[in-house]
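Single-structure report; data block below.
In mature numbering (1 follows the signal peptide of the UniProt record, and there is no 0), the protein residues as written are -21 to -1, 1 to 166.
In structure tokens, the structure reads:
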């Protein structure tokens, strides 16, 4: 997909609330799950950032990072659904945004165990937050947020691929902007 076609489509994902101009749409677990990662800047930025960072990794991690993220995301969701708490969930989410932006800005290539552990920790916090905000059917909600998360991870990877060919330093700038957003979330 060309950048001129992809970027407007990506921008449309920032407007999920427009489809819900009338009350009473929160009962469907699948739809609520699909919209949940798109409706919060913290989740949106973190998942796009992980997708961008994964695209910058060696071939062995390009798929392992997003796959690890999705598995740990589901794990965090299950923890929340079973009543198992995680300390400082919102702080963990803000830190995940800050650090994932920093990883992009520095074009960090970490050893695989470190990269995958960091990815899993980030995702546990996001998954736990999703589990605390279930609307409707929990299985439908999980399927929805996993599908939306996969889309955001892939979108980040496609965004990186489009930008790297034309403006390689722009990716680092995007990372810096995500880092700044994470820092603001920490306040």
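Note that CB positions come from ideal geometry on N, CA and C, so glycine has one too.
Skipping 5 residues on each side, what residues in its chain have a beta carbon closer than 6 Å to that of residue i?
i           : result
residue 82  : 32
residue 47  : 95, 98, 99
residue 110 : 56, 59, 60
For residue i, which residues from the same chain have a beta carbon less than 7 Å from its beta carbon, with the 5 sequence-adjacent residues on both sides left out?
i           : result
residue 16  : 22, 23, 26, 124, 127, 128, 131
residue 30  : 45, 131, 132, 133, 134, 135, 136
residue 104 : 55, 65, 68, 71, 72, 75
residue 11  : 5, 114, 115, 120, 123
For a quick check, are the C-beta atoms of residue i and residue j less than 7 Å apart?
i           : j           : result
residue 56  : residue 121 : yes
residue 154 : residue 84  : yes
residue 19  : residue 119 : no
residue 134 : residue 80  : no
residue 34  : residue 139 : yes
Where residue i and residue j are concerned, what is the direct C-alpha to C-alpha distance, given to the nearest angstrom?
i           : j           : result
residue 163 : residue 69  : 13 Å
residue 96  : residue 37  : 16 Å
residue 144 : residue 115 : 42 Å
residue 88  : residue 142 : 19 Å
residue 93  : residue 113 : 30 Å
residue 179 : residue 148 : Summary: the structure shown does not reach residue 179, with the chain confined to residues -21 through 166, and so no result is reported for it.
Under 8 Å Cβ to Cβ from residue i, same chain only, skipping five residues before and after it: list those, please.
i           : result
residue 108 : 22, 55, 59, 68, 69, 72
residue 13  : 123, 124, 126, 127
Considering just the uninterrupted stretch of the alpha helix (DSSP H) at residue i, what are its terminal residues?
i          : result
residue 76 : 68 to 84
residue 47 : 43 to 60
residue 92 : 91 to 111
Requested in this report: Examine the Cβ distances between the region 66 to 79 and the region 24 to 38 and report whether three or more of them are shorter than 8 Å.
Outcome: yes
Query raised in the report: At a cut of 8 Å, does the region 86 to 105 reach the region 35 to 52 through at least three beta carbon pairs?
Result: yes
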